[in-house]
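Reviewing the structure listed below.
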Amino acid sequence: EPGTGSDSGAIRTTAVKDGDEYVLNGEKIFVTAGERSTHVVVWATVDKSLGRAAIKSFVVPRDAPGLTVARLEHKLGIKASDTAVLLLENCRIPKDNILGSAEVDVKKGFGGVMQTFDNTRPLVAAMAVGCSRAALEELRQILSDAGVEIDYDVPANSQHAAAAEFIRLEADWEAAYLLSLRAAWMADNKKPNSLEASMSKAKAGRTGTDVTLKAVELAGTIGYSQHTLLEKWSRDSKILDIFEGTQQIQQLIVARRLLGKSSAELK
Ligand SMILES: Cc1cc2nc3c(=O)[nH]c(=O)nc-3n(C[C@H](O)[C@H](O)[C@H](O)COP(=O)(O)OP(=O)(O)OC[C@H]3O[C@@H](n4cnc5c(N)ncnc54)[C@H](O)[C@@H]3O)c2cc1C
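The sequence shown begins at 5 in our numbering and counts up by one.
Listed below in structure tokens is the structure:
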């Protein structure tokens, strides 16, 4: 929402029950695939006076009366994916479109809606892992064509500087890959994984941008030009370090969980 990003507890969109329907009012910005999707998931408060516990998720059909696309953003990367501003003006949806319980439990806070991230963060981490793997493979070929071979049996610092850098990038990538697999495996097996999901997202988001940008650098003019996809991947990867919670927010969550601090104690 305008004025609210990382602090998802501060959203202002409202959902008011009216008979068999909820009536939604508010504005949502930077909605991925907001134009071409058939449905969007909207977070809204059912009672502002009850704080975060009153924030619920709703499934809203894109053709619901009162839901309009105000504009599309022009942006750095992921240009094949539209990014929309959505307006909800007395938008009516069936009351059953609420996700989870309609009950507001102030003791539980908004842990329920936040659990969505336990599934989506490993997914975004996996996108960063895939994007950076592609960049590494492309770079390996470019280096090989230039006569630079990577030898895993020789210490990195005894090799060509580009080969040593490649090995360092690959080690970072491996860590991101393993963290993502662990977080996804835990989600699949219904194990609590909030900590691991944030770890995977923080590491893979950072690794994705590091690896893809370094690949542009090491490939020289080939990397910067549009002859290969390296320049595109370096632009596309940045968003994976931002949406579903930025790298800094993931680090904050990891720190809170490891130190046993609440969100009020560690901001
Ligand atoms: C292309 C694109 C698509 C998106 N798609 C969606 C979508 O489909 N659905 C959706 O809900 N959102 C979407 N988003 C929004 C995205 O999740 C937010 O942009 C992101 O969470 C950051 O919020 P913000 O932009 O308001 O930045 P802010 O919260 O203002 O943060 C700005 C900077 O401050 C840092 N920061 C903030 N708080 C702290 C803190 N406590 N400690 C340390 N650093 C901090 C952040 O890490 C960031 O670097 C999208 C964004 C983009 C750019």
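Ideal placement from N, C-alpha and C gives every residue a C-beta, glycine not left out.
- For residue 259, the enclosing alpha helix (DSSP H) covers residues 251-263.
- In the displayed model, residue 61 falls within a strand according to three-state DSSP.
- A direct Cα-to-Cα measurement between residue 258 and residue 238 gives close to 26 Å.
- If you check the CB distance, residue 54 and residue 108 come in under 9 Å.
- Here residue 177 is buried: its Cβ has 16 or more other Cβ atoms, across all protein chains shown, within 10 Å.
- The region 246-261 and the region 198-212 touch, with no fewer than 3 CB-CB distances between them shorter than 8 Å.
- When the Cα atoms are used, residue 113 and residue 119 turn out to be separated by approximately 12 Å.
- Between the alpha carbons of residue 20 and residue 240 lies a distance of about 38 Å.
- Sequence-distant partners of residue 52 (beyond 5 residues in either direction) whose C-beta falls short of 6 Å from its own C-beta are missing from its chain.
- Pairwise C-beta distances place the region 27-47 in contact with the region 11-18, as three or more of them are shorter than 8 Å.
- The C-alpha of residue 227 lies about 36 Å from the C-alpha of residue 90.
- Per DSSP, residue 91 is one residue of the beta strand (DSSP E) stretching across 87-98.
- Only exposed fits residue 69, as fewer than 16 other CB atoms lie within 10 angstroms of its CB.
- In this structure, DSSP gives residue 22 an extended state, which the three-state scheme calls strand.
- The residues 126, in chain order, have a CB closer than 6 Å to that of residue 188 in the same chain once the five nearest residues on each side in sequence are set aside.
- The Cβ atoms of residue 76 and residue 39 sit closer than 9 Å to each other.
- With 16 or more neighbouring CB atoms inside 10 Å of its own CB, residue 128 falls in the buried class.
- Contact between residue 168 and residue 147 is ruled out by a C-beta separation of about 11 Å, above the 8 Å threshold.
- With 16 or more neighbouring CB atoms inside 10 Å of its own CB, residue 181 falls in the buried class.
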